[in-house]
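Input: a single structure, listed below in structure tokens.
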Amino acid sequence: MRWTRWGLAAVLWLGACGDDPAPASPDADAGADTGDEDTGSDAGDEVSADVGGDEGGHDVAPDVPDEDTDTCQHACLDEFGKNKKSLCPQPIADWNCVQGCCVAVFKCQTDGDCRAQGFAEGHCTDERFDCRCETSTGVCGVWYCAADGDCGAGEACVAGACQAATAVDGLALRVVSAPTVLVPGATTALLVEAYDPTNPDVVTAAEVTWASSDDAVIAVADGVATGGAAAGEVTLTASMVGAPSQQATVTLTNVVPAAGETVTVIARVEGTLAPVAGHYALVDAGTGEVVDKGAIADDGVIRFGGSVPAEGLDVHVFGDATDWVSWLRFQGGALLLPIPAWSWGEVELTAEEEIVPEGTQLIGASLVHGVPDMSLYPLPGEFELSLNAFALSSALFDFSLPSLLGGDVKRYLEEDSGLPIETADQAEIPGGITFGFAGNPVVGDFWLTAGPAQRRLWTLGGRIELTAVAEFADDIFDAVGGGSVDFNVLVSALFPLFRNFWSGYHPDLDVATGDALDVTDVDPLLRIPLGLKTHVLVPDLPPMATAGYADSVFILGGALTADGLFVPLGLNGGSDSSDPAADPLDGKADADPLTPAKDPYLLPVAPLHSGLGGPHTAYAFAVVAASLRASSGDPRPEGGSAILKRMAPGEAPAAAPDMGEFLGFPMGSAWDPDTREIAALPLEGADTQRVLFKGKQGANWTVWLSGVETYTVPDPNALLELGLELGDRTTNVSLVLVNSFDLADGVDLDDLGTPGGWTLGHLLHVVDRVSFVDVRP
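Those letters in the sequence shown? Residues 0 to 776, by numbering that gives the first Met the number 0.
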């Protein structure tokens with residue numbers, strides 16, 4: 000039983016039941032009168048009389064009976080002695096009927112009004128944040144800062160609230176740039192920040208001095224490290240100006256080519272300085288002749304002293320415990336390849352939530368288990384939901400649900416959930432999802448497989464009222480009743496409801512790495528509302544030749560870290576149409592199809608928090624238009640196109656970012672597993688392309704094509720002639736993707752392969768647009 004089917008059935012039931020929903024959650028409109036003609040003696044007319052005036056000069060004194068005369072200016076008792084608001088002056092929405100007198104509804108005119116009375120009136124509820132006035136409506140609302148520039152002089156934005164800037168005294172230092180490898184003359188920027196060890200939200204810039212343990216290997220000046228003439232590993236130390244005892248270190252390596260060496264390939268496990276172990280082959284790109292091959296040296300460096308052919312060398316790195324990487328037509332010099340570790344897992348649980356060893360397999364991964372902590376979350380709702388996963392790296396470029404929701408876990412549902420769903424059968428459920436109904440968990444905990452570099456756990460969660468999904472009940476019923484799931488219905492129905500969710504973030508999990516089935520337990524705390532509001536107008540969706548459009552839309556807002564990871568802090572989604580019969584597919588994702596114009600989507604985003612608010616972290620948006628095939632009869636291939644929009648570090652997110660246009664698809668590209676020939680057609684707007692063989696068990700092979708349009712992928716066993724059974728990562732694949740990249744101005748593929756500066760490990764910093772299409776036959 001697939002999760003989407005019973006998950007949609009549960010939502011259907013939720014949307015159809017319950018005539019007495021929980022009260023609406025407080026928001027920017029809270030406290031405004033509804034203007035009902037007659038509310039009788041309902042609680043809606045019972046408003047506190049103690050509202051008074053304020054420093055803003057707004058007279059909000061209540062109109063209540065005078066103690067001496069027992070009269071009021073405007074009475075509102077009917078002939079039966081009951082409160083009747085319709086007896087108050089027009090407009091009735093400006094009044095409440097309290098104890099027989101018309102009392103003016105509190106309306107703010109200044110932020111001072113809200114600071115004085117907004118919380119008492121119920122307009123604002125979270126005292127961690129400022130309460131400010133929306134003058135057009137007279138309603139107070141919670142206000143969140145996004146960056147220091149939103150605050151006053153001497154203040155800093157700390158997790159959405161303006162606070163006095165923290166003095167350097169008492170702060171500690173940390174290095175936030177990724178470890179890397181240099182060669183003589185190559186440079187890299189060293190980035191540090193100061194943080195409060197007692198408060199993870201407090202992060203700021205720091206003035207430091209740098210020193211190197213060996214200047215001959217790598218020298219450092221003004222925060223820039225430069226590779227020297229000597230090879231080796233160095234420790235670079237930053238000391239805080241004014242508090243020199245506060246220090247932080249980073250280790251870098253310098254690789255020096257030998258005299259006459261024409262090719263130096265440096266293979267490192269991505270995010271580390273660990274050398275890649277395995278085999279390599281260098282092939283004449285023009286003739287296909289193998290010019291060098293063998294085991295990778297212990298230091299992870301492949302050295303070649305022969306002449307480089309006219310058409311360059313095809314460099315193949317076959318790591319034992321990493322992805323495989325091929326770089327075609329390399330012209331010589333130094334090539335740095337940060338290669339992702341091989342990481343994959345599948346998990347099976349008993350009905351008692353115990354791991355089934357024979358049904359659980361982990362490759363280069365550990366297990367992380369937890370229950371989101373919603374103890375601070377105040378909003379009501381019967382349907383409780385959370386998403387939990389790890390920060391995204393370049394996996395964003397082959398966007399898949401497991402990257403957002405975690406890989407599927409075989410497990411059983413809670414028996415006492417209160418939902419009319421089958422619990423005796425095992426279900427496959429994305430490991431990062433939890434949800435429950437009316438306080439009863441259905442899937443009460445998450446199970447994620449964590450690779451070596453996956454230590455940053457994000458959570459989005461909250462509660463949804465039953466009535467919020469009622470309008471989608473018929474669509475969901477049709478999807479479930481037909482035996483297949485239209486993902487557009489799910490996206491259109493649920494993702495916009497995340498606007499009242501909160502964010503949690505754990506920046507550095509200490510994941511158990513002993514026994515393969517060791518489990519790390521963490522209960523991420525939901526602590527920061529998605530209080531920042533951005534409106535994203537989705538560009539026209541990219542067509543897939545005559546097969547249709549990429550029509551499911553995912554909109555992500557989050558933090559882009561200095562070392563190249565994306566942490567989601569907000570989510571929304573939509574589609575070309577959730578009901579093609581009423582709203583024909585036209586390649587336009589419209590947040591409100593009932594209006595003539597195309598409307599933007601509201602993207603709620605949490606302010607940077609829990610260590611993300613440093614001087615080198617930036618807000619970023621990603622919009623993905625995906626083709627998720629609803630059935631085998633769908634003529635479209637799997638694929639998608641993504642746009643990345645990055646703010647500068649320290650800059651607030653744009654209120655309405657210009658997302659440009661989607662990159663198209665190289666339709667007509669193909670993969671022939673019999674001849675092993677890949678055809679990647681050129682694509683207008685793309686600077687470079689690659690082929691990704693995405694293994695079903697995480698064994699991937701990436702081929703950077705370097706402008707090659709047709710390529711015969713070699714069999715590594717035949718290529719090496721070592722009699723080794725390396726396997727063949729072109730088989731047992733879940734996808735064969737042709738990725739097309741539009742890089743930032745001034746960046747090309749050669750830049751990303753050269754030691755120093757941006758590398759393949761920083762793709763999120765330098766890719767503006769990307770598309771991917773599955774070319775399996």
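Glycine residues also receive a C-beta, built at the ideal position from the N, C-alpha and C atoms.
Practice task
Taking all protein chains shown into account, decide if Asn731 is buried (16 or more other Cβ within 10 angstroms of its Cβ) or exposed.
Solution key: Exposed, by the Cβ-count rule.
Exercise for the section: For Glu414, count neighbouring Cβ atoms within 10 angstroms of its own Cβ and tell me buried if that reaches 16, exposed if not. Expected result: Counting the other Cβ atoms within 10 Å of the Cβ of Glu414 gives fewer than 16, which makes it exposed.
Exercise for the section: Between the Cα of Val735 and those of Ala743, Gly752, Leu719 and Val712, spot the shortest distance and give me the residue it belongs to. Expected result: The shortest C-alpha to C-alpha distance from Val735 to any of Ala743, Gly752, Leu719 and Val712 is the one to Val712.
Exercise for the section: At 3 residues or longer, and completely inside the region 534 to 583: list those beta strand (DSSP E) runs for me, N to C. Expected result: Taken in chain order, the complete beta strand (DSSP E) segments of 3 or more residues contained in the region 534 to 583 are 551 to 559 and 565 to 574.
Exercise for the section: Tell me, to the nearest whole angstrom, how far the beta carbon of Val737 is from that of Val690; I am working on the premise that it is less than 8 Å. Expected result: Val737 to Val690, Cβ: 6 Å. Contact.
Exercise for the section: Could you tell me the distance, in whole angstroms, from the CA atom of Asp747 to the CA atom of Phe740? Expected result: Taking C-alpha positions only, Asp747 is separated from Phe740 by approximately 10 Å.
Handout entry: Same chain, Cβ closer than 6 Å to Leu366, five either side skipped, listed in chain order
Key = Excluding sequence neighbours, Leu366 sits near Val518.
Practice task
For the region 384 to 417, list the alpha helix (DSSP H) runs that are entirely contained and at least 4 residues long, ordered along the chain.
Solution key: Listed in chain order, they are 400 to 404.
Exercise for the section: Out of Phe771, His761 and Val766, point me to the one whose CA is closest to Leu270's CA. Expected result: It is worth fixing the name first, because residue 270 is Gly in this sequence and not Leu. Comparing C-alpha distances from Gly270 to each of Phe771, His761 and Val766 shows the shortest one belongs to His761.
Exercise for the section: Rank Leu190, Ala437, Ala218 and Gly756 by C-alpha distance to the C-alpha of Phe382 and give the top, closest one. Expected result: The residue with the shortest Cα to Cα distance from Phe382 is Ala437.
Exercise for the section: Have a look at Tyr279 and Ala511 and give me their C-alpha separation to the nearest angstrom. Expected result: Taking the straight line joining both Cα atoms gives about 32 Å.
Handout entry: Start-to-end residues for the alpha helix (DSSP H) that takes in Val765
Key = Per DSSP, Val765 belongs to the alpha helix (DSSP H) from Leu762 to Val765.
Problem - Proximity winner among Pro356, Val201, Gly363 and Leu76, relative to Ala698 (alpha-carbon distances) - result: If we check each option's Cα against that of Ala698, Gly363 comes out closest.
Problem - Opening and closing residue of the beta strand (DSSP E) in which Leu751 lies - result: Judged by DSSP secondary structure, Leu751 falls outside any beta strand (DSSP E) and instead within the alpha helix (DSSP H) spanning Leu748 to Gly752.
Practice task
Have a look at Phe317 and Asp714 and give me their C-alpha separation to the nearest angstrom.
Solution key: Just so you know, the alpha carbons of Phe317 and Asp714 end up roughly 11 Å apart.
Problem - Proximal residues to Ala74 (C-beta, below 8 Å), its chain only, five neighbours per side dropped - result: Annotation for Ala74: Leu86, Gly99, Cys100 and Cys101 place their beta carbon closer than 8 Å to its own, counting only its chain and skipping 5 residues before and after.
Practice task
Confirm, please, whether the CB-CB distance from Val264 to Ala340 is below 8 Å.
Solution key: No. Outside cutoff.
Handout entry: Pick from Ala655, Arg635, Ser399 and Ala228 that is closest to Arg775, judged by C-alpha positions
Key = Comparing Cα positions, the closest option is Arg635.
Practice task
Kindly indicate which three-state DSSP category Leu719 falls into: helix, strand or coil?
Solution key: Note: Leu719 maps to helix in three-state DSSP.
Exercise for the section: Tell whether a beta-carbon distance below 8 Å holds between His315 and Val275. Expected result: Result no, Cβ atoms of His315 and Val275 do not sit closer than 8 Å.
Exercise for the section: From the DSSP output, in three-state form, read off Ala449 for me. Expected result: It is a strand residue.
Handout entry: Beta-carbon spacing of His615, Pro648 below 8 Å
Key = Their beta carbons are under 8 Å apart, which means His615 touches Pro648 by this criterion.
Exercise for the section: Tell whether a beta-carbon distance below 8 Å holds between Leu305 and Phe329. Expected result: Residue identity check: residue 305 is Gly in the sequence provided, not Leu. No; because the gap between Cβ atoms is not below 8 Å, this pair is not in contact.
Problem - Residues bridged to Asp291 [DSSP beta-bridge criterion] - result: Beta-bridge pairing links Asp291 to Leu281.
Handout entry: Proximity of Thr225 and Ile217 at Cβ, strictly below 8 Å
Key = Ile217 sits close to Thr225, with the two beta carbons spaced by under 8 Å.
Exercise for the section: Enumerate in chain order the residues of its own chain whose CB-to-CB distance from Arg454 is below 7 Å, with the five nearest sequence positions on each side excluded. Expected result: Asp507, Leu508 and Val510.
Problem - Beta-carbon spacing of Gly573, Val604 below 8 Å - result: Note that the C-beta distance between Gly573 and Val604 is not below 8 Å.
Handout entry: Secondary structure of Phe661, DSSP reduced to three states
Key = For Phe661, the three-state secondary structure derived from DSSP is coil.
Exercise for the section: Return the chain-ordered ranges of every beta strand (DSSP E) run that is complete within the region 231 to 267 and spans a minimum of 3 residues. Expected result: The qualifying runs are 231 to 239 and 242 to 253.
Problem - Three-pair Cβ contact test at 8 Å for the region 638 to 645 versus the region 220 to 234 - result: No: the two stretches stay apart, fewer than three of their Cβ pairs being nearer than 8 Å.
Exercise for the section: Would you check if the distance between the CB atom of Ser502 and the CB atom of Leu459 is smaller than 8 Å? Expected result: Note that the C-beta distance between Ser502 and Leu459 is below 8 Å.
Practice task
Note down the Cα distance separating Ala350 from Ala580, rounded to an integer number of angstroms.
Solution key: About 42 Å.
Problem - Inter-residue spacing [alpha-carbon to alpha-carbon] between Ser577 and Pro583 - result: Approximately 9 Å, taken between the alpha carbons.
Practice task
Consider the C-beta atom of Thr248 and the heavy atoms of the ligand MG; say whether any pair is separated by less than 7 Å.
Solution key: In the structure on display, the ligand MG does not appear, and there are no ligands present to speak of.
Practice task
Taking Cys87 as part of the alpha helix (DSSP H), name the residues at either end of that continuous run.
Solution key: DSSP places Cys87 in no alpha helix (DSSP H); its state is neither H nor E.
Practice task
Would you decide whether Arg526 is buried or exposed? Buried here means 16 or more other CB atoms lie within 10 Å of its CB.
Solution key: With 16 or more Cβ atoms within 10 Å of its Cβ, Arg526 is classed as buried.
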